[in-house]
Amino acid sequence: MLERLTRPMTSRSEPQTTVDPGRFSQSWIAGGAYGSNEGLYEHFNPATGASIGRVEVAGAEAVDHAVAAARAAQPGWAALSKTERARIMMNFSALISRDVLMLAELEALEVGRPCNAAAGLIAAVPEMMRRYAGLADQISGDLFEASSARLAFARRRPRGVVAAIVPWNVPVLNVLIRAVPALMAGNTVVVKPSEYSPRAAVALAMIATEAGLPDGAFNVVIGLGQQAGQALAEHPGIDFLTFTGSTASGMAVTRASAMQSLKPVAVECGGKSAQILLDDIFEDGGIWPHIFVSAFWNSGQWCAAKTRLLVPASRLADTIAGLRAASSEFPVGDPFDPATALGPLANRVQHERVERYFEMARSSTSYVELDCPNRSAEKGGCFALPGIATEVPDNSPLLQEEIFGPLLSVQTFETVDDAIRIANSTNYGLSGALWTNDAHDSHKVSSEIVTGSLAVYSSARAARPALPDLGSLQYYEPQRQSGFGADGGLAGLHAYTTAQAVAFHN
Ligand code: NAD
1 MLERLTRPMT SRSEPQTTVD PGRFSQSWIA GGAYGSNEGL YEHFNPATGA
51 SIGRVEVAGA EAVDHAVAAA RAAQPGWAAL SKTERARIMM NFSALISRDV
101 LMLAELEALE VGRPCNAAAG LIAAVPEMMR RYAGLADQIS GDLFEASSAR
151 LAFARRRPRG VVAAIVPWNV PVLNVLIRAV PALMAGNTVV VKPSEYSPRA
201 AVALAMIATE AGLPDGAFNV VIGLGQQAGQ ALAEHPGIDF LTFTGSTASG
251 MAVTRASAMQ SLKPVAVECG GKSAQILLDD IFEDGGIWPH IFVSAFWNSG
301 QWCAAKTRLL VPASRLADTI AGLRAASSEF PVGDPFDPAT ALGPLANRVQ
351 HERVERYFEM ARSSTSYVEL DCPNRSAEKG GCFALPGIAT EVPDNSPLLQ
401 EEIFGPLLSV QTFETVDDAI RIANSTNYGL SGALWTNDAH DSHKVSSEIV
451 TGSLAVYSSA RAARPALPDL GSLQYYEPQR QSGFGADGGL AGLHAYTTAQ
501 AVAFHN
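Counted from 1, the sequence shown has number 255 at position 255 by the UniProt record's numbering; the numbering is strictly sequential.
Structural data, given as structure tokens:
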């Protein structure tokens, strides 16, 4: 049986790459490739429409096999000292550094991430891995009472076998940001990558095995959400499920987990994040490239994209002018062109979805297409040029639904209270940003905005790139329908452990 994930597009010549995608076409279970005859999926380069080959799709049987392999490996992995687990993780991180280009090329081929940007982010991932390797030493319990009659403590133990179901938007990071803390806490993992980006996950599992992770510690099952994904969510052999993806799928996996095996879950879902610019910040002409990046990075395909820009009503014209000027620095085009800042959308299905929102913006708002240099000379790929919608009706889906594409809504406000009310007026609560020099207003917004994270910038000079920060290991919890569960830092490591109370009575 041959199925296609995306319809073929007009094909043009393929880029020269150093990577052979065919090496990563099977699941990786118990330290080796696992063939499956349940179906073949063909993928197409979203920039060119050319086939990049087929992968073997696995289902419930492969999931059973992967869970059994992870179960068999877990006690041995957990029994290693933290130092030994850290040493193996450091080997793993060194091999990721070695293979940055190969992994970046896979991301560019599978989902159209600009190769240079992909390599930059992947090169930062080993730092996160090293931080978790060091932090694992701090996983510890609590001593409650000590007397000659009674000693009581709570200790933190690994949960056991962790399933990670992840999306396609940043394929390498999506896998490692879940697998690394789970492994460092003494668990083994079964990863189900998105059906749109399986190869990068398989490559990571192969590297993990080369680095010395025991067979069965890091398994990858290539499969569809409603087959392999659902089988994992329901599986009684999974002790903890960490899900990253859309809110609709997060609800489905939470339901399946609860109804079939009552397993604990953490879900990190979508967002509709607001970025608030207070009046004083307009003095700083350098802010616009930062505002642009925080909305349009990865062509708008990231969970924390600031897709609603809130500005004082009197500053709307300045805002449009600032974003138009900044956009000339961000060429859209071929992911393998080093000058490209924004690649295509990840696949045809995603492209068609996002185009529907652009049509809505053109027909129901004052729509402005930005002036990004268009280097995607040939049509046929899944390209979308960044644009801004202003004067958006209050009840428009453009203000409520996650678009996951390069379309920014600009909303206006009169007072800071007004801005906070507008920022909080969606079902999501993932992320946010605020630009001001006013200490009082920044405290007020940070305490009243309902988000898992908030970046406060006092000037363009102080702003760091508004991208995933892999070094700090700060932690947060998504709010509302953006999900639940601690992510990052020691709190995020603890999420992969479970507490056991022990009392000795003499
Ligand atoms: P998606 O929900 O369609 O798929 C995510 C994963 O879930 C995939 O592996 C998919 O196969 C699987 N899946 C889908 N339905 C399932 C089901 N019924 N049972 C089990 N598994 C199922 O999301 P996507 O389109 O791959 O990714 C985009 C979404 O991910 C956006 O909403 C984005 O905001 C979100 N995201 C969130 C974060 C975060 O940290 N909060 C990070 C990245 C992406």
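Backbone N, C-alpha and C define an ideal beta-carbon position, used for all residues, glycine too.
In this text, all values refer to a predicted model and were calculated from it rather than measured experimentally.
Checklist entry - DSSP state of Trp435, grouped into three classes? => result Locating residue 435 in the sequence shown gives position 435, counting from the first residue. Looking at Trp435 - three-state DSSP - the assignment turns out to be strand.
Checklist entry - Quick one: what's got a C-beta closer than 7 Å to Ile369's C-beta in the same chain, skipping five residues either side? => result As a first step, residue 369 must be located in the sequence shown, where it is residue number 369. It is worth fixing the name first, because residue 369 is Glu in this sequence and not Ile. Excluding sequence neighbours, Glu369 sits near Leu385, Gly387.
Checklist entry - If we count the other Cβ atoms within 10 Å of its Cβ and call it buried at 16 or more, is Met184 buried or exposed? => result What you label residue 184 is simply residue 184 of the sequence shown in a count that begins at 1. By the 10 Å Cβ count, Met184 comes out buried.
Checklist entry - Hey, quick one: how far does the alpha helix (DSSP H) through His494 stretch, first residue to last? => result As a working mapping, residue 494 is identified with position 494 in the sequence shown. His494 -> alpha helix (DSSP H) spans 489-494.
Next on the checklist: Am I right that Val170 and Ala179 are in contact with their C-beta atoms under 8 Å? What's the rounded C-beta distance?
Outcome noted: Counting from one through the sequence shown, the residue named residue 170 turns up at place 170. Counting from one through the sequence shown, the residue named residue 179 turns up at place 179. Rounded, the Cβ-Cβ distance is 14 Å, inconsistent with contact.
Checklist entry - For Ala460, which of helix, strand or coil comes out of DSSP? => result On the sequence shown, residue 460 is found 460 positions in, with the first residue counted as 1. It is coil, neither helix nor strand.
Item to check | Ala495 burial status per 10 Å Cβ neighbour count (16 or more: buried) | outcome: To locate residue 495, count along the sequence shown from 1; it is residue 495. Ala495 should be labelled buried.
Checklist entry - Which partner residues of Gln275 appear in the DSSP bridge assignment? => result Numbered from its first residue, the sequence shown carries residue 275 at position 275. Answer is Leu309, Ala433, bridged to Gln275.
Checklist entry - Alpha carbon to alpha carbon, what distance is there between Ser431 and Ser363? => result Against the sequence shown, residue 363 aligns to sequence position 363. Against the sequence shown, residue 431 aligns to sequence position 431. Answer to the nearest angstrom: the Cα atoms are 29 Å apart.
Next on the checklist: For the beta strand (DSSP E) containing Arg157, name the first residue and the last one.
Outcome noted: Indexing the sequence shown from 1 puts residue 157 at position 157. Here the beta strand (DSSP E) through Arg157 covers 150-158.
Item to check | Rounded C-alpha distance that separates Ile177 from Ala149 | outcome: Taking the first residue of the sequence shown as 1, we reach residue 177 at position 177. Taking the first residue of the sequence shown as 1, we reach residue 149 at position 149. Roughly 44 Å between the two C-alpha positions.
Item to check | Nearest-angstrom Cα separation, counted from Ser97 out to Asn187 | outcome: Translated into the one-based positions of the sequence shown, residue 187 becomes position 187. Translated into the one-based positions of the sequence shown, residue 97 becomes position 97. Their backbone Cα atoms lie some 24 Å apart in a straight line.
Item to check | Candidates Val332, Asp371, Gly381, Ile422: closest to Asn395 by CA position | outcome: Residue numbering aside, residue 395 sits at position 395 when the sequence shown is read from its first letter. Selected option, being the one with the closest Cα: Ile422.
Item to check | Own chain, CB closer than 7 Å to Glu448, minus 5 neighbours either side, in chain order | outcome: The residue you call residue 448 lines up with position 448 of the sequence shown. Excluding positions up to five away in sequence, the list reads Ile420.
Item to check | Any non-hydrogen atom of the ligand NAD within 8 Å of residue 507 CB | outcome: Lying outside 1 to 506, the shown extent of the chain, residue 507 is not represented and no answer is given.
Next on the checklist: Between Ser327, Glu42, Arg356, Gly405, which has its C-alpha nearest Asp371's C-alpha?
Outcome noted: Mapped onto the sequence shown, residue 371 falls at position 371. That would be Ser327, whose Cα lies nearest to the Cα of Asp371.
Item to check | Span of the alpha helix (DSSP H), counted from its first residue to its last, around Trp168 | outcome: Walking along the sequence shown from the start, residue 168 turns up at place 168. Trp168 -> no alpha helix (DSSP H), and no H or E assigned at all.
Next on the checklist: Taking the straight line between their C-alpha atoms, what separation do you get for Thr497 and His290?
Outcome noted: For the purposes of this step, residue 497 is taken as residue 497 along the sequence shown, with counting starting at 1. For the purposes of this step, residue 290 is taken as residue 290 along the sequence shown, with counting starting at 1. C-alpha separation (whole angstroms): 37 Å.
Item to check | Among Glu401, Glu38, Phe24, Ala47, nearest to Val332 - alpha-carbon criterion | outcome: Your numbering for residue 332 matches position 332 in the sequence shown. Looking at the Cα atoms, Ala47 is the closest of the given residues.
Checklist entry - So what's Gln479 in DSSP terms, helix, strand or just coil? => result Taking the sequence shown and counting its residues from 1, the one referred to as residue 479 is at position 479. Of the three classes helix, strand and coil, the one that applies to Gln479 here is strand, per DSSP.
Checklist entry - Helix, strand or coil: which one does DSSP assign to residue 510? => result This structure leaves residue 510 out entirely; the chain is present only between 1 and 506.
Checklist entry - How big is the Cα-Cα spacing for Tyr34 and Gln479? => result In the sequence shown, residue 34 corresponds to position 34, counting from 1. In the sequence shown, residue 479 corresponds to position 479, counting from 1. Their Cα atoms are separated by approximately 38 Å.
Next on the checklist: Please state whether the Cβ-Cβ distance between Val55 and Leu40 is less than 9 Å.
Outcome noted: Indexing the sequence shown from 1 puts residue 55 at position 55. Indexing the sequence shown from 1 puts residue 40 at position 40. Yes, Cβ-Cβ distance for Val55 and Leu40 is below 9 Å.
Item to check | Environment of Gln16 [buried if 16+ CB atoms lie within 10 Å] | outcome: As a first step, residue 16 must be located in the sequence shown, where it is residue number 16. The residue is exposed, with fewer than 16 neighbouring Cβ atoms inside 10 Å.
Checklist entry - In chain order, what residues of the same chain lie with their CB nearer than 7 Å to the CB of Ala462, ignoring the 5 residues before and after it? => result Taking the sequence shown and counting its residues from 1, the one referred to as residue 462 is at position 462. The answer is none, since no qualifying residue turns up.
Checklist entry - My guess is that Gly160 and Gln74 are in contact by the Cβ rule of under 8 Å, so how many angstroms apart are they, rounded? => result Here the question's residue 160 lines up with position 160 in the sequence shown. Here the question's residue 74 lines up with position 74 in the sequence shown. Indeed, because the Cβ distance is near 6 Å, the residues count as touching under 8 Å.
Checklist entry - Buried or exposed: which applies to Pro338, given that a residue is buried once 16 or more other Cβ atoms fall within 10 Å of its Cβ? => result In the sequence shown, the residue the question calls residue 338 occupies position 338. Looking at its Cβ environment, which holds fewer than 16 other Cβ atoms inside 10 Å, Pro338 is exposed.
Item to check | Inter-residue Cα distance where the pair is Gly405 and Phe240 | outcome: For the purposes of this step, residue 405 is taken as the residue at position 405 of the sequence shown. For the purposes of this step, residue 240 is taken as the residue at position 240 of the sequence shown. So the alpha carbons of these two residues sit roughly 31 Å apart.
Checklist entry - Say the cut is 8 Å; is the CB of Thr244 nearer than that to a heavy atom of the ligand NAD? => result The count along the sequence shown starts at 1 and reaches residue 244 at position 244. It does: the Cβ of Thr244 is within 8 Å (strictly closer) of some heavy atom of the ligand NAD.
Checklist entry - For Pro8, which of helix, strand or coil comes out of DSSP? => result The residue given as residue 8 occupies position 8 in the sequence shown. Confidence in Pro8 is poor, its pLDDT being 47 and thus under 50, which makes the residue's placement unreliable; the coordinate value appears in the next sentence. Three-state result, Pro8: coil.
Next on the checklist: Suppose you measure from the CA of Gly22 to the CA of His443; what does that come to, to the nearest Å?
Outcome noted: Residue 22 sits at position 22 when you count from the first residue of the sequence shown. Residue 443 sits at position 443 when you count from the first residue of the sequence shown. Rounded to the nearest angstrom, the two C-alpha atoms are 52 Å apart.
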